[in-house]
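For reference, the structure is listed below as structure tokens.
Protein chains in written order, with our numbering: chain X, 1 to 229; chain U, 230 to 458; chain Y, 459 to 687; chain A, 688 to 916.
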């Protein structure tokens, strides 16, 4: 159900920052999906097919990250030095984490086992990358919020921006918690550092529900305020 | 012969979705055409040249898929969440199927033989990818049809959109039929699961002929309706 | 010295066809320049450096081809089915010829010798690719010329378009001649099939000089025609 | 602190030259960051992680170069033949130096030792690439300065352009000096040819400080000139 008062897009055309970022995202997507060797025999082809679920998951994660980028620039169209720097860091982290991502999810689906010590390090690498990316988004959306007067954000748009800040900050917290658990849990419980990411769903749902209720209350108030007495 | 009343393009400029998709399509094309090793000796060069027909065919298939994408966004310029999700799935399937495509057509031209069991699996992989891509296009064009009022499609434009839905749905049916044949035919007839794709030509021709006749009838009626009495 | 009456650009913004083609050209450029292995030792680094002249030449050739593409779409901004098909063929040939190009020029600078039989084949591969690319450009520019009324080309613009057709057709002739020489010359003169490409400079210079003189005459006439009596 | 009278952007939309350059820059960035092999074992993953500082530094250098490109085309939007040629050379140097850059910084962080003779050559390669890139930028910005009347640059914008010319010329000087030192210093002091790049910080700071003071004086004068008496 679309919002009664949707977020207005401030971007009129694709900026060079967006186009440049898309090249990097597109390359990252491609590196996720394709292996570097064209299968030459039937068994290599079948093996490549077994990579499907890991590929699909990595692809979905990258597109999730891309979508937050897409939304940010469509909505706010900010191109100051601050966002340029944050965006550069974001591209760096995205590119740097492509191969670890592929390694980790490829390992899960291949039932590749790791000792507890290795698992701690792997959870740390994944958690740091995850937290870094969403920390950068938290900073970007918080930056937009600070400039809301300049961007002419209305009350609902400020509310939506705040919702994004809360959601991304929660992702940062979950990534950080996973790293902490990876180093404090006993070896037999180490898997919990991974299962904690399943908290994302309920957490996003809760934030979406609470902030969504408030939004609808604000919309209702706006409608009644602008209606004839 | 161009149409008397052509389909009006609703897109004014290249959207970020189109640009992003093109990066992925461009990568896929490139991966199809180039091998990963620069030939270092004369015989390697000659071997690379023998890849020409397989490369050309894969290239043509990918450009066919790209063209449906190009037409969709030029004509309808829809950028809602539904098309975003379908488009993401499309990019995933395209990237995922690049190497199998190259493998399969490379095999045909190299007269590489497969046992009947392997052939069944290869036809299944190809058929599923083929059907998936055109199912996604069927959904996209059907979505445009449902939103025809909002998009201000005139009668002819609705007709053209319906033509595309029929054509893509037929492609889905052919891909699915190939998979079914691959598992039901006896080993010595297994090749029919491949030859069935030659039905695409006549099928598209028939749909194009029937729907084209109707279009011309509609155009004639429009001209007579708007002519002075 | 810029023209008194320059060619007017009909393109207002970068079309999706141009953007898509640039991705393919950009990929081709990158494949030309980078090798697939990051040098790991000092001697590998030095070896990579010796690739400089071959890289520079291939890069220049690709950029020359790109520039003809750039000029075509900037000037005429034609996006009909014909140019779409020709452009697709062009991208295919460009991608397909990247590695042979790199192989051939890499061989020249490395003083890699070929027997006369191999040389015939190599000249044929290069000549066919060269002639194909410029044949496609000849067709594109000729197509623009045929549509000059529709595109509202003035007399000078038609003249400039004709100049391009002559130049590209000459490139086709030189490439074809090289292939013919490669198969008719005796082994000891086989190198002439390569040296013939040095004709490009004088040929382009002559066409440029003749057509440039005519253009200036046309400009002078236009100035005198529009001057007060 | 933003300038009271900022540089006005002359570019309205992303030109094809910028889009094409971004594809090449995006490839270069990606080649810097990713290795060509997805890590397959835990120890390969850890080894890839140790590449982090070298990757980060190369990434930062490339983005610094990209940013000068971005600023140039946003500000001046010049697309004449001269800038086209310089830009082509720039893309060539950027692509050609990606792997040496990765090699050199990878070596530093891996504490890979080189004999003095090899070090001289490595400093030469890096210095020539560094000087070439900034020489091309010096030429580009100097070209904009020469065309300041045509571009309608105001006094402050001419001043800012001059600041860029000074800064880039200083980078050229530092790169050249490093090459000279690499061939004149005794073996035990050869490292100085590398440390000289730390001069960039103070040099840029000094130019920025001097030119910034002058700019503020010019701004103050403009404000007082335009204020009511």
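Beta carbons: idealized from backbone N, C-alpha and C, even for Gly.
Put simply, of X:30, X:72, X:146, X:79 the residue whose alpha carbon is nearest the alpha carbon of residue 321 of chain U is X:30.
Between residue 193 of chain X and residue 709 of chain A, the beta carbon gap of about 38 Å keeps them out of contact (Cβ cut-off 8 Å).
Taking 8 Å as the cut-off, the beta carbon of residue 826 of chain A is found no closer than this to the beta carbon of residue 849 of chain A. A residue is called buried when at least 16 other Cβ atoms come within 10 angstroms of its Cβ; residue 667 of chain Y does not meet this threshold and is exposed. Shown here, residue 527 of chain Y sits in a helix according to DSSP, grouped into three states. Nearest CB-CB separation between residue 472 of chain Y and chain A: below the 8 Å threshold. Residues of the stretch 82-105 of chain X with a C-beta atom less than 8 Å from some C-beta of chain A are 84, 88, 91, 92, 95, 96, 98, 99, 100, 102, 103, listed in chain order. Annotation: residue 663 of chain Y has no Cβ neighbours in chain A at a cutoff of 9 Å; minimum Cβ distance is about 17 Å. Taking a beta-carbon distance threshold of 8 Å, residue 478 of chain Y counts as an interface residue toward chain U. A distance below 7 Å between beta-carbons, with the five flanking residues on each side excluded, links residue 589 of chain Y to the following residues of its chain, in chain order: 630, 633, 634. In the three-state DSSP reduction, residue 382 of chain U falls in the coil class, being neither helix nor strand. Cα atoms of residue 388 of chain U and residue 323 of chain U: separation of roughly 28 Å, rounded to the nearest angstrom. For residue 534 of chain Y, no CB of chain A lies under 8 Å from its own CB, so it is not counted at the interface with that chain. In the same chain as residue 711 of chain A, and ignoring 5 residues on each side of it, the C-beta atoms closer than 7 Å to its own belong to 778, 781, 782, in chain order.
Residue 33 of chain X counts as buried, since no fewer than 16 other beta carbons sit within 10 angstroms of its beta carbon. Annotated as distal: residue 407 of chain U and residue 441 of chain U, with beta-carbon spacing of 8 Å or more. Put simply, of A:773, A:736, A:856, A:734 the residue whose alpha carbon is nearest the alpha carbon of residue 756 of chain A is A:773. Nearest neighbour of residue 288 of chain U by Cα position, chosen from Y:546, Y:531, Y:638, Y:605, turns out to be Y:546. Secondary structure at residue 650 of chain Y: helix, using DSSP grouped into helix, strand and coil. Rounded to whole angstroms, the separation of the alpha carbons of residue 731 of chain A and residue 740 of chain A is 17 Å. Residue 696 of chain A sits in coil when the DSSP states are folded into three classes, being neither helix nor strand. For residue 472 of chain Y, no alpha helix (DSSP H) segment is defined, and its DSSP state is neither H nor E.
Closest in C-alpha terms to residue 84 of chain X, from the list A:753, A:872, A:883, A:905, comes A:753. In the displayed model, residue 541 of chain Y falls within a helix according to three-state DSSP. With fewer than 16 other Cβ atoms from the protein chains shown falling within 10 Å of its own Cβ, residue 889 of chain A counts as exposed. Relative to the Cα of residue 286 of chain U, the nearest Cα in the group U:300, U:331, U:311 belongs to U:331. If you check the CB distance, residue 467 of chain Y and residue 533 of chain Y come in under 8 Å. For a Cβ distance threshold of 7 Å, residue set 255, 259 of chain U lies close to residue 485 of chain Y, ordered along the chain.
Ranked by Cα distance from residue 882 of chain A, the first of A:892, A:810, A:785, A:839 is A:810. Around the CB of residue 81 of chain X, fewer than 16 other CB atoms lie within 10 Å, so the residue is classed as exposed.
Put simply, the CB of residue 350 of chain U is near chain X, with a gap under 8 Å to one of its CB atoms. Not one beta carbon of chain A lies nearer than 8 Å to the beta carbon of residue 61 of chain X.
With respect to chain A, the C-beta atom of residue 631 of chain Y has no partner C-beta closer than 8 Å. If you draw a 10 Å sphere on the C-beta of residue 133 of chain X, you find 16 or more other C-beta atoms in it, and that means buried. Your pair residue 275 of chain U and residue 579 of chain Y checks out as a contact, with CB atoms roughly 7 Å apart and the cut at 8 Å. At a cut-off of 8 Å between C-beta atoms, residue 48 of chain X counts as an interface residue with respect to chain U.
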